[in-house]
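**Q**
Chains as they are written, first to last, in our numbering: chain A, -14 to 289; chain B, 456 to 823.
1) In or out: residue 812 of chain B buried (at least 16 other Cβ within 10 Å) or exposed?
2) Quick one: using the 10 Å Cβ neighbour count with 16 as the cut-off for buried, is residue 579 of chain B buried or exposed?
3) Excluding the 5 residues preceding and the 5 following residue 714 of chain B in the sequence, name in chain order all residues of the same chain whose CB lies nearer than 7 Å to its CB.
4) Indicate whether at least one CB of chain A lies closer than 8 Å to the CB of residue 408 of chain B.
5) Tell me the residue span of the alpha helix (DSSP H) that contains residue 197 of chain A.
6) Of all the CB atoms in chain A, is at least one closer than 8 Å to the CB of residue 809 of chain B?
7) Which one of A:9, A:23, A:72, A:4 has the shortest CA to CA distance from residue 223 of chain A?
8) Please classify residue 244 of chain A as buried or exposed, where buried requires at least 16 neighbouring CB atoms within 10 angstroms.
9) Using DSSP bridges, identify the partner residues of residue 669 of chain B.
10) Taking only runs of the alpha helix (DSSP H) that begin and end inside the stretch 742 to 787 of chain B, which ones reach a length of at least 4 residues, in chain order?
11) Nearest-angstrom Cα distance between residue 28 of chain A and residue 735 of chain B?
12) Tell me whether residue 603 of chain B sits in a helix, a strand or coil according to DSSP, three-state version.
13) Under a Cβ-count criterion, where at least 16 other Cβ atoms within 10 Å of its own Cβ denotes burial, should residue 497 of chain B be classed as buried or exposed?
14) Quick one: is residue 610 of chain B near chain A, going by C-beta distance under 8 Å?
15) Am I right that residue 284 of chain A and residue 722 of chain B are in contact with their C-beta atoms under 8 Å? What's the rounded C-beta distance?
16) Which residues mark the beginning and the end of the alpha helix (DSSP H) in which residue 73 of chain A is found?
17) Would you identify the three-state DSSP class for residue 463 of chain B, choosing helix, strand or coil?
18) For chain A, check one thing: does any of its Cβ atoms lie closer than 8 Å to the Cβ of residue 600 of chain B?
19) Looking at C-alpha atoms only, which residue of A:233, A:122, A:144, A:275 is the closest neighbour of residue 483 of chain B?
20) By Cβ distance, which residues of its chain are closer than 8 Å to residue 704 of chain B, with the 5 residues on each side in sequence left out?
21) Report back the beta-carbon spacing between residue 184 of chain A and residue 56 of chain A to the nearest angstrom; my notes put them in contact at under 8 Å.
22) Beta-carbon of residue 290 of chain A versus every beta-carbon of chain B: anything under 8 Å?
23) So with Cβ pairs under 8 Å, would you call residue 19 of chain A a contact of chain B?
24) Mark residue 248 of chain A as exposed unless 16 or more other C-beta atoms lie within 10 angstroms of its C-beta, in which case mark it buried.
25) Is residue 518 of chain B close to the ligand ZN? I mean its beta-carbon at under 7 Å from any heavy atom of the ligand.
26) Starting from the Cα of residue 651 of chain B, find the closest Cα among B:626, B:620, B:673 and give me that residue.
27) List, in chain order, every chain B residue whose beta-carbon is nearer than 7 Å to that of residue 6 of chain A.
28) Rounding to the nearest angstrom, what Cα-Cα distance links residue 606 of chain B and residue 642 of chain B in this structure?
29) My output table needs one value for residue 139 of chain A: the three-state DSSP class, helix, strand or coil.
30) Counting only C-beta atoms, is residue 691 of chain B closer than 8 Å to chain A at any point?
31) Quick one: list the residues of chain B neighbouring residue 128 of chain A, beta-carbon separation under 8 Å, in chain order.
32) Enumerated in chain order, which unbroken segments of the alpha helix (DSSP H) with a length of 4 residues or greater are wholly contained in the stretch 547 to 575 of chain B?
33) Just to confirm, is the Cβ distance from residue 536 of chain B to residue 566 of chain B under 8 Å?
34) Against chain A, does residue 489 of chain B count as a neighbour if the rule is that its beta carbon must be under 8 Å from one of theirs?
35) Skipping 5 residues on each side, what residues in its chain have a beta carbon closer than 6 Å to that of residue 257 of chain A?
36) Apart from the five residues just before and just after residue 0 of chain A, which ones in its own chain have a Cβ nearer than 6 Å to its Cβ?
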């Protein structure tokens, strides 16, 4: 059985922040034929808490792509425009990579479609474009969506940084291909963590919009996540509804290092509201790029 | 997808999902309120101004090796230049309008000047010849701020592999590795000693960590395994050189436990996007049913040509896998070359102009 790919150690002075990185999508491919339904062995709830990612991200990241494509004509800075285009390509590849896991779940008898339909409604209808609005309102609504993405990207960078620093999953013998997917994705989230925020500040540097979109996006994300875990546990054919989601169980899983600490996650959300916040203050570019130089999927993509 | 009926309840109860119905109603009202005094961009706040291109002047020029010159570039008024990190490159606009990337080979701590080294390639696209022929001290040119596609991550042990002029981004990395006390080795490969630039500067860093390996002394180009044999234990590999060298190193690393190889081996290199188009034929694209028709030469992509007319057209990978540049095909026989679109999407008229083309003389009518 293949071993998980270690995240390389870095010397103390490694640059946490890399300026002006060239962002490009990577043509990764994964083979899910061997993926067990519970890919964290003996941890169905931990597996499904992380599986919610595969339910949220394909629709969510396609929405990112759509919103950012609409925002490209508003960008007045060449470097930011290039970074946004790199971001779009990376997000588009992420969406399809998670979609493949979703298709695999269906093949294993877990039908995710009822929940995915709800997620699609949230991103396409609730948070979608409304072409009937006046041009001025439509533009404001577009910037509002960019702000929501900047808030969500704060969490994806937080999660990316966590997954790169989560030996608990290796100790629990989580499936190495799934770990590579999550760490490749997490590393690209850390790599491009500034782009959405920089775009928001470029379009509207106002503080009020940043606060109110985080106040909406944060709780919505948590709600969708909890809802997704309940759904997956109920829909898992091997559990037949025997495993009820509980906060006590979630606490145990967190203590085992299989999930990020909820208190740390909440605090991270608050940091986004600090007036001097910038995404470069979180996570390490060197660690992310170090993993991308090591990741089997990213390495194979580079050889194509 | 049906965007009129809210989705049903998750657990099969015979009703619409209440949470989603409320969320939709709230958001509909909220979006209507946007644009009001507190829910809009403050109109009194000025828009940030885009940064202008850098203005640079050539201050010194010196011969580094056979066919290689080094240029020092500085701000014409002597001010500090934007900061950069090892691995960064500068995109220069040459007097003819050609744009070329050159890795910065100087010291990032020196904010007074940028240093690049250029090998004259008579068979190349003309950029290096133009640099050699026209850029003398006093010449003015513009550039874009340094960008980094080859970031140095300072792993505790690193092997730097340079082929010929590929030394330029690795030299600042070696300097940084030395400064931070990393366990580093640098192997510089070239045809003969007189073609290797910066040999003295490298030896001055630490002669024991630098290996100069020339084909004429060793009887031919090195194998990947031979290069990796110089790696300290567990080293991350940074490689910059001709494509065959990079491929050899990649193969040797993937091939198993050779030096730094085996599972978990790190390989960093600069990605240069799409390969040149070698199997294309000239065709044409029309922008909309009654729009102008543009010619796509055999060696350019339709996307490249479209972007000249539609600068806001989004794109990303240039290689037909990310799908960002998707456009709708209204008429014409396409030659799909992407690996992203499904047969259904193609049948419905989707096309990725970054790689897809048409046969010679055909016209693709695109909805752009």
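Heads up, the beta-carbon is just placed ideally off N, CA and C, and yes, glycines get one too.
Remember, it's a predicted structure, so these values are computed and weren't measured experimentally.
**A** Put simply:
1) On the second chain, residue 812 of chain B is found 357 positions in, with the first residue counted as 1. With 16 or more other Cβ atoms within 10 Å, it is buried.
2) If you number the second chain from 1, residue 579 of chain B lands on position 124. The residue is exposed, with fewer than 16 neighbouring Cβ atoms inside 10 Å.
3) Taking the second chain and counting its residues from 1, the one referred to as residue 714 of chain B is at position 259. Interpretation of residue 714 of chain B is limited by its pLDDT of 43, a score under 50 that renders its predicted location unreliable; no figure is taken from the coordinates.
4) With chain B covering only 456 through 823, there is no way to say anything about residue 408 of chain B.
5) Indexing the first chain from 1 puts residue 197 of chain A at position 212. Counting along the chain, the alpha helix (DSSP H) containing residue 197 of chain A begins and ends at 192 to 220.
6) As a working mapping, residue 809 of chain B is identified with position 354 in the second chain. So, not an interface residue.
7) By 1-based counting over the first chain, the position of residue 223 of chain A is 238. Nearest of A:9, A:23, A:72, A:4 to residue 223 of chain A, Cα basis: A:23.
8) Position 259 of the first chain holds residue 244 of chain A. Buried: at least 16 other Cβ atoms inside 10 Å.
9) On the second chain, residue 669 of chain B is found 214 positions in, with the first residue counted as 1. Bridge partners of residue 669 of chain B: B:645.
10) 757 to 764
11) Here residue 28 of chain A is taken as the residue at index 43 of the first chain, counted from 1. Here residue 735 of chain B is taken as the residue at index 280 of the second chain, counted from 1. If you take the alpha carbons of residue 28 of chain A and residue 735 of chain B, they lie about 52 Å apart.
12) In the second chain, counting from the first residue as 1, residue 603 of chain B sits at position 148. Three-state DSSP puts residue 603 of chain B in a strand.
13) By one-based count along the second chain, residue 497 of chain B stands at place 42. By the 10 Å Cβ count, residue 497 of chain B comes out exposed.
14) If you number the second chain from 1, residue 610 of chain B lands on position 155. Output row for residue 610 of chain B: interface = yes.
15) In the first chain, counting from the first residue as 1, residue 284 of chain A sits at position 299. In the second chain, counting from the first residue as 1, residue 722 of chain B sits at position 267. Confirmed, Cβ separation roughly 6 Å.
16) Mapped onto the first chain, residue 73 of chain A falls at position 88. Counting along the chain, the alpha helix (DSSP H) containing residue 73 of chain A begins and ends at 63 to 92.
17) Taking the second chain and counting its residues from 1, one reaches residue 463 of chain B at position 8. Three-state result, residue 463 of chain B: strand.
18) Translated into the one-based positions of the second chain, residue 600 of chain B becomes position 145. Yes, its Cβ sits closer than 8 Å to a Cβ of chain A.
19) Start at 1 with the first residue of the second chain, and residue 483 of chain B comes out as number 28. Nearest option by C-alpha distance: A:122.
20) Taking the first residue of the second chain as position 1, residue 704 of chain B is located at position 249. These residues qualify, in order along the chain: 616, 679, 682, 683, 692, 694, 722.
21) As a first step, residue 184 of chain A is located in the first chain; it is residue number 199 there, counting from the start. As a first step, residue 56 of chain A is located in the first chain; it is residue number 71 there, counting from the start. Confirmed, Cβ separation roughly 7 Å.
22) Because chain A here runs from -14 to 289, residue 290 of chain A falls outside it and cannot be looked at.
23) For this step, residue 19 of chain A is matched to residue 34 along the first chain. Not one chain B Cβ lies under 8 Å of residue 19 of chain A.
24) As a working mapping, residue 248 of chain A is identified with position 263 in the first chain. Burial call: exposed.
25) This structure does not include the ligand ZN; it has no bound ligands of any sort.
26) One-based indexing of the second chain puts residue 651 of chain B at position 196. Cα-wise, what sits closest to residue 651 of chain B is B:620.
27) Here the question's residue 6 of chain A lines up with position 21 in the first chain. Those are 603, 606, listed as they occur along chain B.
28) Within the second chain, the letter at position 151 stands for residue 606 of chain B. Within the second chain, the letter at position 187 stands for residue 642 of chain B. In a straight line, the C-alpha of residue 606 of chain B is about 19 Å away from that of residue 642 of chain B.
29) Indexing the first chain from 1 puts residue 139 of chain A at position 154. Here residue 139 of chain A sits in helix by DSSP.
30) Here residue 691 of chain B corresponds to residue number 236 of the second chain, with the count starting at 1. So yes, residue 691 of chain B belongs to the interface.
31) As a first step, residue 128 of chain A is located in the first chain; it is residue number 143 there, counting from the start. What residue 128 of chain A touches in chain B: 496.
32) none
33) Here residue 536 of chain B refers to the residue found at position 81 of the second chain. Here residue 566 of chain B refers to the residue found at position 111 of the second chain. Yes.
34) In the second chain, the residue the question calls residue 489 of chain B occupies position 34. By this cut-off, residue 489 of chain B is an interface position.
35) For the purposes of this step, residue 257 of chain A is taken as the residue at position 272 of the first chain. If we look at residue 257 of chain A and ignore the five residues flanking it on each side, its Cβ neighbours are 139, 199.
36) For the purposes of this step, residue 0 of chain A is taken as residue 15 along the first chain, with counting starting at 1. Result list for residue 0 of chain A: 271, in chain order.
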